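Asks: Sharing a structure with you now.
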Amino acid sequence: MSEKTKAELLKEKLFIDRKNGLRSASDEKWEKITAFCEGYKNFLAKGKTEREAAKEAIKIAEAAGFAPYVQGKKYEAGEKYYVNNRGKTVAFVVVGKNTVDSGTMITAAHIDSPRIDLKPNPLYEDTEMALFKTHYYGGIKKYQWTAMPLALHGVFAKKDGTVTEVCIGEDENDPCFVITDLLPHLAQEQYKRTLNEGIKGEELNILIGSRPFKDDKASELVKLNIMAILNEKYGVTEEDFLSAELECVPAAKPCDIGFDRSLIGSYGHDDRVCAYPALIAITEVENPEKTAIAILTDKEEIGSDGNTGLNSDFLRYVVRDIAEAQGVDYTVALRNSKCLSADVNAGLDPTFKDVMEAKNAARLNYGAVITKYTGARGKSGTSDASAEYVAYVRNMLDEAGIIWQTGELGKVDLGGGGTVAMYIANMGVDVVDLGVPVLSMHAPFEVVSKLDVYETYRTMYEFCK
Numbered sequence: 001m002s003e004k005t006k007a008e009l010l011k012e013k014l015f016i017d018r019k020n021g022l023r024s025a026s027d028e029k030w031e032k033i034t035a036f037c038e039g040y041k042n043f044l045a046k047g048k049t050e051r052e053a054a055k056e057a058i059k060i061a062e063a064a065g066f067a068p069y070v071q072g073k074k075y076e077a078g079e080k081y082y083v084n085n086r087g088k089t090v091a092f093v094v095v096g097k098n099t100v101d102s103g104t105m106i107t108a109a110h111i112d113s114p115r116i117d118l119k120p121n122p123l124y125e126d127t128e129m130a131l132f133k134t135h136y137y138g139g140i141k142k143y144q145w146t147a148m149p150l151a152l153h154g155v156f157a158k159k160d161g162t163v164t165e166v167c168i169g170e171d172e173n174d175p176c177f178v179i180t181d182l183l184p185h186l187a188q189e190q191y192k193r194t195l196n197e198g199i200k201g202e203e204l205n206i207l208i209g210s211r212p213f214k215d216d217k218a219s220e221l222v223k224l225n226i227m228a229i230l231n232e233k234y235g236v237t238e239e240d241f242l243s244a245e246l247e248c249v250p251a252a253k254p255c256d257i258g259f260d261r262s263l264i265g266s267y268g269h270d271d272r273v274c275a276y277p278a279l280i281a282i283t284e285v286e287n288p289e290k291t292a293i294a295i296l297t298d299k300e301e302i303g304s305d306g307n308t309g310l311n312s313d314f315l316r317y318v319v320r321d322i323a324e325a326q327g328v329d330y331t332v333a334l335r336n337s338k339c340l341s342a343d344v345n346a347g348l349d350p351t352f353k354d355v356m357e358a359k360n361a362a363r364l365n366y367g368a369v370i371t372k373y374t375g376a377r378g379k380s381g382t383s384d385a386s387a388e389y390v391a392y393v394r395n396m397l398d399e400a401g402i403i404w405q406t407g408e409l410g411k412v413d414l415g416g417g418g419t420v421a422m423y424i425a426n427m428g429v430d431v432v433d434l435g436v437p438v439l440s441m442h443a444p445f446e447v448v449s450k451l452d453v454y455e456t457y458r459t460m461y462e463f464c465k
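Residue 46 in the working numbering is what sits at position 46 of the sequence shown, and the numbering runs on without skipping anything.
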């Protein structure tokens, strides 16, 4: 083999040299990757809504020794607990050896995903078919949600205080639901609409039945039959929809993609693909120097507002409670804290490369992606991480031998998007986005790389430990 030239040696020293991580992955590492991703797929299947994801996360954490938080208790180093916020946001805490005024290590991911919500008064009958009126949640391409099996998840909260869980369409013996679309033969006028208006918001009506109640004397007999079924199964009346949270999500199960099984296809990768690594990482942390916190939060897809979103004071209160028990100032704790805002980025799609700037686009199989800033156009609505903090994260990743990359969310004047990073930064915490690149983001069926999921988990563990 010929010796390398001076230029080749200098390029190795000075240039960025990112490679596809699967090119160097050993068989032993691939086994670890696939085993971890089997657990992730199971988490996806069991947690299709923020309530279900929070419930499953608590179950996993309790099996690892976490217990519910006790207000006022002084926790010792190494103890593990969780704080459940209304069943939709959960903070998992491993108490460190140092008091929290030295700072905490925070990983933050969201467990809500774009979906189709039912309106407060959803049930109606038209042309002797029963349907639900809906209001979509988060940024979606509305046409993608038609002509596919949907499952109904959520709760009925009744006036007497009881809450009844609903999950229909996931078991193979369950019925499913569907949003119908117009056949091509009659779609001449529909074809004239822009893609954004191909299906309008008020056309996202979900077909739920067609069998009339056996009584020729009443009207709305199909609606009545549906209501009779719901009353028998859940003990509800039509008025109980007013205090229900019912969400329609794709009925498809997570699955491997590709002949080589290197990818995972599923609903809800954004952002449970970061939530699961953050969760598993903190369950494996033992006796860290600094207190580790993993927060899985709600409402990110609609701006993080509300008392279960990260624009609330929930995280601040979690840190304050620890600080007060230790007799230190929680504002100092926050200013000395570090955070990985664990959220996804757009992967470079070979079919739609023109929307990305290739040198700064994230690629599947290139590892966890650091996103220094998000926002839109002139970095509007973002937290732009400091150079010093990005350098700190770079050093941590390289020392641990983690495969990583950087990325932006599309070309400058085309891209845009937000994460929870800016809300954590507003508390005085150093924060940068780090997560998994995704293809078909916000679609009912998204795609990620198994290697990227695993490297994100390794990052979360290294950060928290």
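The C-beta atom is built at its ideal place from N, Cα and C for all residues, glycine as well.
Fair warning: this is a prediction, and the values are worked out from it, not measured in the lab.
Need the endpoints of the alpha helix (DSSP H) that residue 282 sits in, please.
Replies: Mapped onto the sequence shown, residue 282 falls at position 282. In the DSSP annotation of this structure, the continuous segment of the alpha helix (DSSP H) that includes residue 282 starts and ends at 269-284.
Asks: Taking the C-alpha atoms as reference points, what is the distance between residue 204 and residue 134?
Replies: The sequence position of residue 204 within the sequence shown is 204, counting from 1. The sequence position of residue 134 within the sequence shown is 134, counting from 1. Approximately 6 Å, taken between the alpha carbons.
Asks: Please determine, among 267, 263 and 255, the residue with the shortest C-alpha to C-alpha distance to residue 249.
Replies: Translated into positions along the sequence shown, residue 249 becomes position 249. Ranked by how close their Cα comes to the Cα of residue 249, the residues 267, 263 and 255 have 267 in first place.
Asks: At a cut-off of 6 Å, is residue 364 close to the ligand GTP when judged by its beta-carbon and the heavy atoms of the ligand?
Replies: Annotation note on the ligand GTP: not contained in the displayed structure, which lists no ligands.
Asks: Where does residue 121 sit, in a helix, a strand or coil, going by DSSP?
Replies: Taking the first residue of the sequence shown as 1, we reach residue 121 at position 121. In this structure, residue 121 counts as strand in the three-state DSSP scheme.
Asks: Would you identify the three-state DSSP class for residue 413, choosing helix, strand or coil?
Replies: If you number the sequence shown from 1, residue 413 lands on position 413. Coil.
Asks: To the nearest angstrom, how far is it from the Cα of residue 121 to the Cα of residue 132?
Replies: Within the sequence shown, numbered from 1, the residue matching residue 121 stands at position 121. Within the sequence shown, numbered from 1, the residue matching residue 132 stands at position 132. Straight-line Cα distance between these residues: approximately 9 Å.
Asks: Would a C-beta distance cut-off of 7 Å place residue 432 and residue 389 closer than the cut-off?
Replies: The residue given as residue 432 occupies position 432 in the sequence shown. The residue given as residue 389 occupies position 389 in the sequence shown. Cβ atoms of residue 432 and residue 389: closer than 7 Å.
Asks: Nearest CA to the CA of residue 79: which residue from 285, 347, 156 and 356?
Replies: Here residue 79 refers to the residue found at position 79 of the sequence shown. Comparing Cα-Cα distances from residue 79 to each of 285, 347, 156 and 356, the minimum goes to 285.
Asks: So for residue 326, helix, strand or coil by DSSP?
Replies: Taking the first residue of the sequence shown as position 1, residue 326 is located at position 326. Note: residue 326 maps to helix in three-state DSSP.
Asks: Using the C-alpha atoms, what's the distance from residue 441 back to residue 347?
Replies: Translated into the one-based positions of the sequence shown, residue 347 becomes position 347. Translated into the one-based positions of the sequence shown, residue 441 becomes position 441. Going by the C-alpha atoms only, they are around 9 Å apart.
Asks: Where does residue 405 fall in DSSP's three states?
Replies: Numbered from its first residue, the sequence shown carries residue 405 at position 405. Residue state, collapsed to three classes: strand.
Asks: Within the chosen definition, does the segment 145-155 reach the segment 226-234 through at least 3 CB pairs nearer than 8 Å?
Replies: no
Asks: One question on the structure: do residue 110 and residue 300 come within less than 7 Å of each other, judged by their Cβ atoms?
Replies: Here residue 110 refers to the residue found at position 110 of the sequence shown. Here residue 300 refers to the residue found at position 300 of the sequence shown. Contact flag set, yes.
Asks: If you drop the 5 nearest sequence neighbours on each side, which residues of the same chain put their C-beta closer than 6 Å to that of residue 275?
Replies: The count along the sequence shown starts at 1 and reaches residue 275 at position 275. The answer, listed in chain order, is 109, 111 and 296.
Asks: For a quick check, are the C-beta atoms of residue 447 and residue 439 less than 7 Å apart?
Replies: Position 447 of the sequence shown, counted from the first residue, corresponds to residue 447. Position 439 of the sequence shown, counted from the first residue, corresponds to residue 439. The answer is yes: Cβ separation under 7 Å.
Asks: Have a look at residue 443 and residue 179 and give me their C-alpha separation to the nearest angstrom.
Replies: In the sequence shown, the residue the question calls residue 443 occupies position 443. In the sequence shown, the residue the question calls residue 179 occupies position 179. Straight-line Cα distance between these residues: approximately 15 Å.
Asks: Give me, in chain order, the residues of the same chain whose beta-carbon lies closer than 6 Å to that of residue 307; leave out the 5 immediate sequence neighbours on both sides.
Replies: In the sequence shown, the residue the question calls residue 307 occupies position 307. Closer than 6 Å at the Cβ level, and outside the excluded window around residue 307, lies no residue.
Asks: Are the beta-carbon atoms of residue 271 and residue 344 separated by less than 7 Å?
Replies: Locating residue 271 in the sequence shown gives position 271, counting from the first residue. Locating residue 344 in the sequence shown gives position 344, counting from the first residue. Yes, the Cβ-Cβ distance between residue 271 and residue 344 is below 7 Å.
Asks: Can you give the Cα-Cα distance for residue 283 and residue 61, rounded to whole angstroms?
Replies: On the sequence shown, residue 283 is found 283 positions in, with the first residue counted as 1. On the sequence shown, residue 61 is found 61 positions in, with the first residue counted as 1. Answer to the nearest angstrom: the Cα atoms are 6 Å apart.
Asks: Residue ranges of each beta strand (DSSP E) run of no fewer than 3 residues wholly in the segment 356-392, ordered along the chain?
Replies: For the beta strand (DSSP E) assignment, the uninterrupted runs of no fewer than 3 residues enclosed by the segment 356-392 are, from N- to C-terminal side, 368-371.
Asks: If the criterion is Cβ atoms closer than 7 Å, does the pair residue 381 and residue 418 meet it?
Replies: Walking along the sequence shown from the start, residue 381 turns up at place 381. Walking along the sequence shown from the start, residue 418 turns up at place 418. Contact: yes.
Asks: Sort 143, 19, 2 and 3 by Cα distance to residue 472 and report the nearest one.
Replies: Residue numbering for the chain in the displayed model covers 1 to 465; residue 472 lies beyond these limits and cannot be assessed.
Asks: Quick check on residue 464: does DSSP put it in helix, strand or coil?
Replies: Locating residue 464 in the sequence shown gives position 464, where the first residue counts as 1. If DSSP states are grouped into helix, strand and coil, residue 464 belongs with the helices.
Asks: By Cβ distance, which residues of its chain are closer than 7 Å to residue 412, with the 5 residues on each side in sequence left out?
Replies: As a working mapping, residue 412 is identified with position 412 in the sequence shown. Cβ within range, chain order: 377.
Asks: Rounded to the nearest angstrom, what separates residue 98 and residue 423 at their Cα positions?
Replies: Numbered from its first residue, the sequence shown carries residue 98 at position 98. Numbered from its first residue, the sequence shown carries residue 423 at position 423. Each residue's Cα considered, the two are about 25 Å apart.
Asks: Measuring straight from C-alpha to C-alpha, what distance separates residue 212 and residue 167?
Replies: The count along the sequence shown starts at 1 and reaches residue 212 at position 212. The count along the sequence shown starts at 1 and reaches residue 167 at position 167. Distance between the alpha carbons of residue 212 and residue 167: 23 Å.
Asks: For residue 66, count the other beta carbons within 10 Å of its own beta carbon; 16 or more makes it buried, fewer makes it exposed. Which is it?
Replies: Taking the first residue of the sequence shown as position 1, residue 66 is located at position 66. Residue 66 comes out buried.
Asks: Measuring CA to CA, which of 198, 12 and 119 is closest to residue 143?
Replies: Counting from 1 along the sequence shown, the entry for residue 143 is found at position 143. Nearest C-alpha to residue 143: 198.
Asks: Could you give the DSSP three-state label for residue 5: helix, strand or coil?
Replies: Sequence index remark: in the sequence shown, residue 5 carries index 5 (1-based). Reduced to three states, the DSSP call for residue 5 is coil.
Asks: Can you check the segment 32-69 for any alpha helix (DSSP H) of at least 4 residues that lies completely inside it and give the ranges in chain order?
Replies: 50-63
Asks: Determine the DSSP secondary structure at residue 468, reduced to helix, strand or coil.
Replies: The structure shown does not extend to residue 468, since the chain is modelled only from 1 through 465, so no value can be given for it.
Asks: My understanding is that residue 246 touches residue 118, with C-beta atoms under 8 Å, so please give their C-beta distance in whole angstroms.
Replies: In the sequence shown, the residue the question calls residue 246 occupies position 246. In the sequence shown, the residue the question calls residue 118 occupies position 118. Right, their Cβ atoms sit about 4 Å apart.
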